[in-house]
Amino acid sequence: MPNNTKYMNIIVALVSVFLGLLFGSIIMIINGYNPISGFGALLSGAFGDIYFIGETIRGITPLILSGLAVAFAFRTGLFNIGVEGQVIVGWLASVWVGIAFDLPMILHLPLAIVAAALAGACWGFIPGFLKARLHVHEVIVTIMLNYTALYIANSMIRNVLTDKRDRTERISESASLRNEWLEVYTGYSTIHLGIIIALMMAFIMWFILNRTAQGYELRSVGYNPHASNYAGMSVRRNIILSMVISGAFAGIAGAMEGLGTFQNMFVMSGFTNIGFDGIAVALLGGNTAIGVVLAASLFGALGVGGLNMPRAGIPTELVDIIIALIIFFVASSYIIRWAISQMKKEGK
Amino acid sequence: MSFFEVLQSIVPTAFFFAAPLILTALGGVISERSGIINIGLEGLMIMGAFVGIVFNLTFVEVFGPGLTPWVSLVVAAFASALFAGLHAVASITFRADQVVSGVAINFLALGIGLFSIKEWYGKGQTDMVSAPFYTRDIWLLSDIPIIGPLLFTKTYITSWLAVILAIIVWYVLFKTPFGLRLRSVGEHPMAADTMGIKVVRTRYIAVMLSGFFGGLGGAVFAQTIALDFSHSTISGQGFMALAAMIFGKWHPMGALGAALFFGFAQCLSVIGSSIPFLANVPQVYLLIAPYVLTILALAGFIGRADAPKALGKPYVKGTR
Numbered sequence: 270m271p272n273n274t275k276y277m278n279i280i281v282a283l284v285s286v287f288l289g290l291l292f293g294s295i296i297m298i299i300n301g302y303n304p305i306s307g308f309g310a311l312l313s314g315a316f317g318d319i320y321f322i323g324e325t326i327r328g329i330t331p332l333i334l335s336g337l338a339v340a341f342a343f344r345t346g347l348f349n350i351g352v353e354g355q356v357i358v359g360w361l362a363s364v365w366v367g368i369a370f371d372l373p374m375i376l377h378l379p380l381a382i383v384a385a386a387l388a389g390a391c392w393g394f395i396p397g398f399l400k401a402r403l404h405v406h407e408v409i410v411t412i413m414l415n416y417t418a419l420y421i422a423n424s425m426i427r428n429v430l431t432d433k434r435d436r437t438e439r440i441s442e443s444a445s446l447r448n449e450w451l452e453v454y455t456g457y458s459t460i461h462l463g464i465i466i467a468l469m470m471a472f473i474m475w476f477i478l479n480r481t482a483q484g485y486e487l488r489s490v491g492y493n494p495h496a497s498n499y500a501g502m503s504v505r506r507n508i509i510l511s512m513v514i515s516g517a518f519a520g521i522a523g524a525m526e527g528l529g530t531f532q533n534m535f536v537m538s539g540f541t542n543i544g545f546d547g548i549a550v551a552l553l554g555g556n557t558a559i560g561v562v563l564a565a566s567l568f569g570a571l572g573v574g575g576l577n578m579p580r581a582g583i584p585t586e587l588v589d590i591i592i593a594l595i596i597f598f599v600a601s602s603y604i605i606r607w608a609i610s611q612m613k614k615e616g617k
Numbered sequence: 002m003s004f005f006e007v008l009q010s011i012v013p014t015a016f017f018f019a020a021p022l023i024l025t026a027l028g029g030v031i032s033e034r035s036g037i038i039n040i041g042l043e044g045l046m047i048m049g050a051f052v053g054i055v056f057n058l059t060f061v062e063v064f065g066p067g068l069t070p071w072v073s074l075v076v077a078a079f080a081s082a083l084f085a086g087l088h089a090v091a092s093i094t095f096r097a098d099q100v101v102s103g104v105a106i107n108f109l110a111l112g113i114g115l116f117s118i119k120e121w122y123g124k125g126q127t128d129m130v131s132a133p134f135y136t137r138d139i140w141l142l143s144d145i146p147i148i149g150p151l152l153f154t155k156t157y158i159t160s161w162l163a164v165i166l167a168i169i170v171w172y173v174l175f176k177t178p179f180g181l182r183l184r185s186v187g188e189h190p191m192a193a194d195t196m197g198i199k200v201v202r203t204r205y206i207a208v209m210l211s212g213f214f215g216g217l218g219g220a221v222f223a224q225t226i227a228l229d230f231s232h233s234t235i236s237g238q239g240f241m242a243l244a245a246m247i248f249g250k251w252h253p254m255g256a257l258g259a260a261l262f263f264g265f266a267q268c269l270s271v272i273g274s275s276i277p278f279l280a281n282v283p284q285v286y287l288l289i290a291p292y293v294l295t296i297l298a299l300a301g302f303i304g305r306a307d308a309p310k311a312l313g314k315p316y317v318k319g320t321r
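Chains as they are written, first to last, in my numbering: chain R, 270 to 617; chain X, 2 to 321.
As C-alpha cells, then:
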C-alpha cells in the first residue's frame, strides 16, 4: 500500500510539528510567558509585513539546499553529517570566483555557482570514496571534514584571499544574486534570487531520483545494497556518486550565503549551522524534494520569526528547542504510528 | 629549549585536553557495546557543562571553593544521565533511528542550555566560575624523577580520575558478569534474551551510564578549560570523543589511548608556536591535524573496525 505509507508519513510529520509546538508552549507557560503572545511575536516576525516575508524567504533558501543535500544522501542509505563542511567550502569557492574574475553577469554568476557546487562535490567525494573503497563509516569522516573545512576556510580568508584581514572584499556585482527590484519591493530586506535556484534544484533532485535510470539505481542501492549488487548495479559507484551530488547541493547552499545574503565571507568562530539544520529539514520532509521545500519553509520561518520573540520577552533559543523536539518526534515516529493505529482500531 | 622542557610543556597540556575526551568516549563505549549508537555524546557533554557551571555558580557559597567543583561534577553527571534517558526512551522503547535521535539530543541540549542561560542570567553566557579545578602536585608521586615532573606535578586530579575510570570501565565490561551481559546484548540480543538477560533494561542502564560519563566529561571540560557556559563552550569535543571511541575500536583502553592522542594533537595547535620545531608550521596545519589524522587512521591503520554486531538495530522481542 504505497499510498497509505506516504499518507502516514505526512501525518507523522504533522503530528511531530504539532507536538513540538505544544511542548514549546508548555515551556513558555512554565517560564511564565503567554504562548499566544509568544507565537504571535514569532508569526509577525516571520510574515508580519513585506520586509519580514523577504527575510523569511532569504532564510528558507539555504535550508532548502542543505535539506536536499542531506535528503539525497539519505535516499541512498548514507548519512551525510558533512553538509556543514560542504556548505563552507562552497561558500568560499563562490566568493573566490566572485572576487577574482571580471566577467559579464551571464557568465560570472553561473561560474560562481558551479564553482561552489564543484567544491561541495569534492568535499563529498572524500567520504564517499572512503566508504565505498575502504568501508570507513561516512558519519565519522564527514564530522572530521566539517572541522577541516572550517579551519581551512578561515586560513584561506586570512592568508590567501586577504592580507591578514577577517573578511573578504565584496564580490563583484556581476556575481551577485541580489536584485534591486526585489530589495526595493520588500522594503530593503536581504532577499535575493537564490530562492529560484533552490526551487530549481528541488525539481532537479526529484527528476534525478524519480525520472532517470541512475536515480532508480541510487534509490535501489539505498533500499537494499545486496539485492542491487545482485541485480548488477555497482554499489560502490552509487555510493560515491550519491555523496558527490549531495555535496554539490550543499555547495550551492554555501553559494546562497556568499553570493546572496552576505556578498562576502568572513572568519568564523563556529559553524554556520545551515548544514546541521539541513538534517532536521530532510528528516521532517521525509527525504522527498517537495517535503524538503515545505520543511525548510517551516524551519526558516521559525528561525527568522524567532528573532522577534524577545519582543514578547522570550529568548530566541526557544526555537532551537522546538526544532530539536520536532526531530525527536520524527525519529520516534514508531510510537506515533502505533498510537494512530490504536486510535483507528478504537474508532472501528 | 631542551627536549625535556618541550616534553614538560606538551605532556601536561595534552593530558589536560584529553581528560574530557577520555570520560565522554568511555560513555560512548558503554552505550555502543550494548548496541545503541550514541551520536548524542556532544549533547550529553553540553548538558554536563551547562549543569556543572550553573551549579558551581549557584552553590559556591554553600560548599566553598574546595568542594564546589566536585559536587558540581557529580550533579552534572546525574543530570546528564537523566537527559540521556530521553535517548534511551526514543531509541529503545520507541525504536527510533538511533542516529537521528542522537542528533535530536545534540540540538536539544544546546537549545535547553542556551534558553535557560538567557532566562536566568539575561545574557548569552554565564560569568566565569570562581571555584574551578586547580592544578596541584600529587603527593609523593610528584617526587619520582622524570615521571614525577611530567605527569604528577601541576596536574589536574580530574585527568587522573579519567584514567582510573577508564581502567574501572575496562574491568567492569570485560571481567564482570554485568559487562558480559552488556556486551552480549550488543552482539546478539536475541541470544541474550533467550539466556534470560533483560535486553531492554540492560540497554537503558548502558545509555544512562553513557549520559553519566558524558556529563562528567562536559563538566570537567567546563570546570578546567572553559570556565563558563556559552554557545561555543562545547564545540565538537563530543564528536571528537565519538571518533576516539571508534578509533579505539569500542574498547575502553583503546578509547583512552585515542583520546590521549587527540589531546596531544589539540595541545599542539595551542602551544605549537612556542615549540622551536613547530614554530614555522602554519597554524592551520596544526589546527586540522587531529581531524585529518583521524580520517587517515580510520582509512589506513585500523582497517575495518569491529563494531558490536547489533549496533543500531532496535530489539523487538519475538522477531528474528
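Ideal Cβ positions, reconstructed from N, Cα and C, are used throughout, including at glycine.
- A direct Cα-to-Cα measurement between residue 344 of chain R and residue 13 of chain X gives close to 46 Å.
- When secondary structure is reduced to three states using DSSP, residue 535 of chain R falls in the strand class.
- Along the region 195 to 257 of chain X, the alpha helix (DSSP H) occurs as fully enclosed runs of 4 or more residues at 200 to 222 and 238 to 248, listed in sequence order.
- Collapsing the DSSP output to three states places residue 455 of chain R in coil.
- Taking 7 Å as the cut-off between beta carbons, the residues of the region 86 to 114 of chain X near chain R are 91, 95, 96, 97, 98, 100, 101, 102, 104, 105, 108, 109, 111, 112 and 113, in sequence order.
- At least 8 Å separates the beta-carbon of residue 309 of chain X from that of residue 96 of chain X.
- Listed in chain order, the non-local C-beta contacts of residue 326 of chain R below 7 Å within the same chain comprise 460 and 464, local neighbours out to five positions each way being set aside.
- For residue 539 of chain R, the chain X residues whose C-beta falls within less than 7 Å of its own C-beta are 233 and 236, listed in chain order.
- Listed along chain R, the residues sitting closer than 7 Å to residue 116 of chain X by beta-carbon distance are 584, 586, 587 and 590.
- Here residue 65 of chain X is exposed: its Cβ has fewer than 16 other Cβ atoms, across all protein chains shown, within 10 Å.
- Taking 8 Å as the CB threshold, residue 594 of chain R lines the interface with chain X.
- The shortest C-alpha to C-alpha distance from residue 589 of chain R to any of R:600, R:601 and R:576 is the one to R:576.
- Remark: C-beta atoms of residue 285 of chain R and residue 546 of chain R do not approach each other more closely than 8 Å.
- By the Cβ neighbour-count rule, residue 417 of chain R is buried, with 16 or more other Cβ atoms within 10 Å of its own.
- In the three-state reduction of the DSSP assignment, residue 436 of chain R falls in the strand class.
- By a beta-carbon distance limit of 8 Å, residue 504 of chain R does not contact residue 393 of chain R. Their separation comes to about 17 Å.
- Assignment of residue 137 of chain X by DSSP, reduced to helix, strand and coil, places it in the strand class.
- CA-CA distance, residue 43 of chain X to residue 215 of chain X, rounds to 8 Å.
- Here the alpha carbons of residue 79 of chain X and residue 57 of chain X stand approximately 15 Å from one another.
- Check the Cα spacing between residue 390 of chain R and each of R:313, R:412, R:471 and R:351: the tightest is with R:351.
- Of all C-beta pairs linking the region 482 to 490 of chain R to the region 316 to 333 of chain R, fewer than three are shorter than 8 Å, placing the two stretches out of contact.
- Ranked by Cα distance from residue 324 of chain R, the first of R:587, R:455 and R:304 is R:455.
- Put simply, the CB of residue 200 of chain X is far from chain R, with every gap to its CB atoms at 8 Å or more.
- Around the beta carbon of residue 532 of chain R, 16 or more other beta carbons sit within 10 angstroms, so the residue counts as buried.
- For the C-beta of residue 310 of chain X, not a single chain R residue is nearer than 8 Å; the gap to the nearest is close to 15 Å.
- Between residue 299 of chain X and chain R, the shortest Cβ-Cβ separation is below 8 Å.
- The Cβ neighbour count for residue 404 of chain R, taken over all protein chains shown within 10 Å, is under 16; the residue is labelled exposed.
- Considering only R:541, R:471 and R:424, the residue with the shortest C-alpha distance to residue 232 of chain X is R:541.
- Closest option to residue 472 of chain R, judged by alpha-carbon separation, among R:280, R:375 and R:560: R:560.
- Bridge pairing for residue 156 of chain X: X:137 [DSSP].
- In this structure, the alpha-carbon of residue 122 of chain X lies about 21 Å from that of residue 294 of chain R.
- Assignment of alpha helix (DSSP H) within the region 264 to 305 of chain X, counting only whole runs of 4 or more residues, yields 284 to 297 in chain order.
- In the structure shown, the three-state DSSP call for residue 503 of chain R is coil.
- In the structure shown, residue 461 of chain R adopts coil according to DSSP, grouped into three states.
- Chain X has a Cβ within less than 8 Å of the Cβ of residue 424 of chain R.
- Proximity of chain R to residue 119 of chain X at the Cβ level (cut-off 7 Å) is accounted for by 584 and 586, in chain order.
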